[in-house]
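Colleague: When we follow my numbering, the leftmost residue of the sequence shown carries the number 693, and every step to the right adds one. Backbone N, C-alpha and C fix where the C-beta goes; we use that ideal spot for every residue, glycine too. Would you mind keeping the following structure in view while I ask a few things?
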Amino acid sequence: MRLASSDNFDKLIYCVGGMSWQDYIDTQLVATGDVNQAFMVGITDAQVWAHTPSFMPRVYKAMVTQEDGTEKEEVINEASIIVHVAETLKKPSEGLRINGVKYMPLRTYPKGSSDDGLPTIYFKKPKTGGCICVLNQCIIVGTFDEKKEQNASACNFAVESLSRYLFQNGY
693 MRLASSDNFD KLIYCVGGMS WQDYIDTQLV ATGDVNQAFM VGITDAQVWA
743 HTPSFMPRVY KAMVTQEDGT EKEEVINEAS IIVHVAETLK KPSEGLRING
793 VKYMPLRTYP KGSSDDGLPT IYFKKPKTGG CICVLNQCII VGTFDEKKEQ
843 NASACNFAVE SLSRYLFQNG Y
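This is the structure we're talking about:
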């Protein structure tokens, strides 16, 4: 059953204890066809709980624009960046970077896009983008790819629906 379908939303997935975190990524996000890639990280330790193949927070060096306009090579720790964004709901100085790609944050909803208490951040770059949902214990990141005929609205709905379900169940 597809959690992201509004018609099936009341038939939610089976018990949280009956699925692994990877199952949620695979069956409730990617299998919808609306999410290209996704991962979940712990909010307190930034450890990866689950991810699609080759899509996860990375550590690498990149040039970062400083306040004075110069560029400086810095170590980028994407898991720390995601946790920082979740805690502050602000763009980090090194930029919002996910899986080696720098995105532009578009909109932040501190109380959720539906005022449900689920902080949500939308991000974009040409032909792709996604959203970050901040739960009690984890952060879920999902992306879409317009080349695969995916779009922001459907991706965001899928990620937010799963996040809302887990959030309401204490995660």
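What residues in its chain sit with their C-beta under 7 Å from that of L721, if we drop five residues either side in the sequence?
Modeller: By 1-based counting over the sequence shown, the position of residue 721 is 29. Cβ neighbours of L721 beyond the five flanking positions: V727, A730, G834, A850, V851 and L854.
Colleague: Find out if the Cβ-Cβ distance for the pair I735, V777 is shorter than 8 Å.
Modeller: Position 43 of the sequence shown, counted from the first residue, corresponds to residue 735. Position 85 of the sequence shown, counted from the first residue, corresponds to residue 777. No, the Cβ-Cβ distance between I735 and V777 is not below 8 Å.
Colleague: Does the Cβ-Cβ distance between N828 and G862 come in under 8 Å?
Modeller: The count along the sequence shown starts at 1 and reaches residue 828 at position 136. The count along the sequence shown starts at 1 and reaches residue 862 at position 170. Closer than 8 Å, so yes.
Colleague: Any beta carbon from chain C within less than 8 Å of I735's own beta carbon?
Modeller: Looking at the structure shown, chain C is missing, and only one protein chain is on hand.
Colleague: Can the beta-carbon of G821 be found less than 8 Å from the beta-carbon of A844?
Modeller: Counted from its first residue, the sequence shown places residue 821 at position 129. Counted from its first residue, the sequence shown places residue 844 at position 152. Their beta carbons are under 8 Å apart, which means G821 touches A844 by this criterion.
Colleague: In chain order, which beta strand (DSSP E) runs of at least 3 residues are fully inside the stretch 765–840?
Modeller: You should have 788–790, 793–801, 812–817, 820–826 and 830–837.
Colleague: With 16 as the cutoff for other CB atoms within 10 Å, does S712 come out buried or exposed?
Modeller: Numbered from its first residue, the sequence shown carries residue 712 at position 20. So S712 counts as exposed.
Colleague: N727 by DSSP, collapsed to three states: which one?
Modeller: Working through the sequence shown from its first residue, we reach residue 727 at position 35. According to the sequence as given, residue 727 is Val; it is not Asn. Of the three classes helix, strand and coil, the one that applies to V727 here is coil, per DSSP.
Colleague: Locate the beta strand (DSSP E) running through A754, then write down its first and last residues.
Modeller: By 1-based counting over the sequence shown, the position of residue 754 is 62. Looking at the DSSP string, the run of the beta strand (DSSP E) that includes A754 is V751 to T757.
Colleague: For Y795, which residues in the same chain have their Cβ closer than 6 Å to its Cβ, ignoring the five residues on either side in sequence?
Modeller: One-based indexing of the sequence shown puts residue 795 at position 103. Correct list, in chain order: L788, F815 and K817.
Colleague: For A844, which three-state DSSP category applies?
Modeller: Position 152 of the sequence shown, counting from 1, holds the residue named residue 844. Reduced to three states, the DSSP call for A844 is helix.
Colleague: Round the Cβ separation of A754 and I773 to the nearest angstrom and send it over; I've been treating them as touching at under 8 Å.
Modeller: Taking the sequence shown and counting its residues from 1, one reaches residue 754 at position 62. Taking the sequence shown and counting its residues from 1, one reaches residue 773 at position 81. Rounded, the Cβ-Cβ distance is 11 Å, inconsistent with contact.
Colleague: Within this structure, are the beta carbons of C825 and V733 separated by less than 8 Å?
Modeller: Numbered from its first residue, the sequence shown carries residue 825 at position 133. Numbered from its first residue, the sequence shown carries residue 733 at position 41. The answer is no: Cβ separation not under 8 Å.
Colleague: Using 10 angstroms around the beta-carbon of P749, count the other beta-carbons present and answer buried if the total reaches 16, otherwise exposed.
Modeller: As a working note, residue 749 is residue 57 in the sequence shown. Buried is the call here.
Colleague: In its own chain, which residues sit with a C-beta less than 7 Å from the C-beta of Q842, not counting the 5 before and 5 after it?
Modeller: In the sequence shown, the residue the question calls residue 842 occupies position 150. D726, N728 and F836.
Colleague: Between which two residues does the beta strand (DSSP E) holding A742 run?
Modeller: Position 50 of the sequence shown, counted from the start, is the residue given in the question as residue 742. Element bounds for A742: V740 to H743.
Colleague: Can you name, in chain order, every residue of its own chain whose Cβ lies under 7 Å from the Cβ of R799, other than the five neighbours on each side?
Modeller: Position 107 of the sequence shown, counted from the start, is the residue given in the question as residue 799. If we look at R799 and ignore the five residues flanking it on each side, its Cβ neighbours are Y814.
Colleague: Take the Cβ of T724 as the centre, count every other Cβ of all protein chains shown within 10 Å, and call the residue buried at 16 or more, exposed below.
Modeller: Within the sequence shown, the letter at position 32 stands for residue 724. Per the 10 Å Cβ criterion, buried.
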